[in-house]
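Residue numbers (the numbering used here), protein chains in the order written: chain X, 60 to 174; chain D, 7 to 117. Presented below is the structure to which this report refers.
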Amino acid sequence: DTGVSQNPRHKITKRGQNVTFRCDPISEHNRLYWYRQTLGQGPEFLTYFQNEAQLEKSRLLSDRFSAERPKGSFSTLEIQRTEQGDSAMYLCASRPDWGEMDTQYFGPGTRLTVL
Amino acid sequence: GQQVMQIPQYQHVQEGEDFTTYCNSSTTLSNIQWYKQRPGGHPVFLIQLVKSGEVKKQKRLTFQFGEAKKNSSLHITATQTTDVGTYFCAGSGAGSYQLTFGKGTKLSVIP
Numbered sequence: 060d061t062g063v064s065q066n067p068r069h070k071i072t073k074r075g076q077n078v079t080f081r082c083d084p085i086s087e088h089n090r091l092y093w094y095r096q097t098l099g100q101g102p103e104f105l106t107y108f109q110n111e112a113q114l115e116k117s118r119l120l121s122d123r124f125s126a127e128r129p130k131g132s133f134s135t136l137e138i139q140r141t142e143q144g145d146s147a148m149y150l151c152a153s154r155p156d157w158g159e160m161d162t163q164y165f166g167p168g169t170r171l172t173v174l
Numbered sequence: 007g008q009q010v011m012q013i014p015q016y017q018h019v020q021e022g023e024d025f026t027t028y029c030n031s032s033t034t035l036s037n038i039q040w041y042k043q044r045p046g047g048h049p050v051f052l053i054q055l056v057k058s059g060e061v062k063k064q065k066r067l068t069f070q071f072g073e074a075k076k077n078s079s080l081h082i083t084a085t086q087t088t089d090v091g092t093y094f095c096a097g098s099g100a101g102s103y104q105l106t107f108g109k110g111t112k113l114s115v116i117p
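Next comes the structure, spelled out in structure tokens:
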């Protein structure tokens, strides 16, 4: 049983470039979440998918950010025209539909540094 | 929007001392969750509380959910060095999939 995986683990890019991150949730987990975490802060919700449908998106998410989950399995998060303020850890989490608790299983994250 | 506040931001304790972190929400929550994040790691789920006034225990950890479902606490008895990390509470409101995290309480345990 593998956990949530994210690739790449680290990304360094220059301001203005586009970046794309990938998240592979735990198998059969229908629900997938993206968060952003900066130093000294808790994870900040970005968006939520149930299967392939994007059901909720943070108002804080600018139009430079887009996420997809085309087949209801893996998901990608793209940031266009990166800015230095985008530097953060991007976390993905997944959970199944069933279960007593709404436990979210987090991946190791992708650390983005924008120079 | 919903805000979740946590205090204290940092706590340094001597090994064997107790530790408590408090969480307050600006709105009534449908449930509250607690996560632990070790240095360099990712958040790991600890517990979920759903009912008003609920108390749950996990070995040395005691979790409480307030009667009004707007506050919560995590108490660790007799801390150990393995308890080191940042403890986050996270709440969701009715009808929302969004989980709002507090800023966390970073616990240091001095051996």
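The beta-carbon is built from N, C-alpha and C at its ideal position, and this holds for glycine as well. As the structure is a prediction and not an experimental result, all values here were calculated from the model.
Beta-bridge pairing of residue i - partner residues as DSSP gives them
| i | result |
| --- | --- |
| I116/D | Q20/D |
| D83/X | S64/X |
| F175/X | Outside the displayed range of chain X (60 to 174) lies residue 175/X, so it cannot be described from this structure. |
| S98/D | N37/D |
| T26/D | H81/D |
| A152/X | Y92/X and F165/X |
| A147/X | L171/X |
| Y93/D | K42/D and T111/D |
| I106/X | Strictly speaking, residue 106/X in this sequence is Thr, with Ile absent from that position. Answer is W93/X and K116/X. |
| A126/X | L136/X |
| T72/X | V173/X |
Beta-carbon proximity of residue i to residue j, cut-off 7 Å
| i | j | result |
| --- | --- | --- |
| N89/X | N66/X | no |
| T26/D | Y93/D | no |
| G166/X | S64/X | yes |
| Q9/D | S32/D | yes |
| G15/D | C95/D | According to the sequence shown, residue 15/D is Gln rather than Gly. Their beta carbons are not under 7 Å apart, which means Q15/D does not touch C95/D by this criterion. |
| K181/X | L174/X | No statement about residue 181/X is possible, as the shown extent of chain X runs from 60 to 174 and does not include it. |
| Q104/D | F104/X | yes |
| P117/D | T87/D | yes |
| S125/X | L91/X | no |
| L113/D | Q17/D | yes |
| C29/D | S78/D | yes |
| P102/X | Y94/X | yes |
| V56/D | T85/D | no |
| I82/D | R66/D | yes |
| K76/D | T111/D | no |
| Q100/X | K109/D | yes |
| E137/X | T61/X | no |
Alpha-carbon to alpha-carbon, residue j and residue i
| i | j | result |
| --- | --- | --- |
| Q64/D | Q139/X | 44 Å |
| F51/D | E21/D | 23 Å |
| T106/X | T172/X | 21 Å |
| G59/D | F107/D | 20 Å |
| S31/X | N77/X | For chain X, the structure presents residues 60 to 174; residue 31/X sits outside this window and is missing. |
| T141/X | L98/X | 19 Å |
| Q113/X | P129/X | 10 Å |
| D24/D | K42/D | 17 Å |
| C82/X | G101/D | 25 Å |
| P45/D | V90/D | 8 Å |
| R170/X | R68/X | 6 Å |
| G75/X | G7/D | 30 Å |
| Y164/X | S153/X | 5 Å |
| G47/D | G168/X | 9 Å |
| S86/X | R118/X | 29 Å |
| D156/X | G144/X | 34 Å |
| T162/X | V19/D | 29 Å |
| E127/X | K62/D | 37 Å |
| G131/X | F108/X | 8 Å |
| M160/X | R123/X | 33 Å |
Original post:
Do the segment 68-85 of chain D and the segment 129-149 of chain X touch if we need at least three Cβ pairs shorter than 8 Å?
Top reply: no
Subject >> Against chain B: residues of the segment 29-59 of chain D by CB proximity under 9 Å >> reply: The chain inventory of the structure shown lacks chain B, comprising the protein chains X and D.
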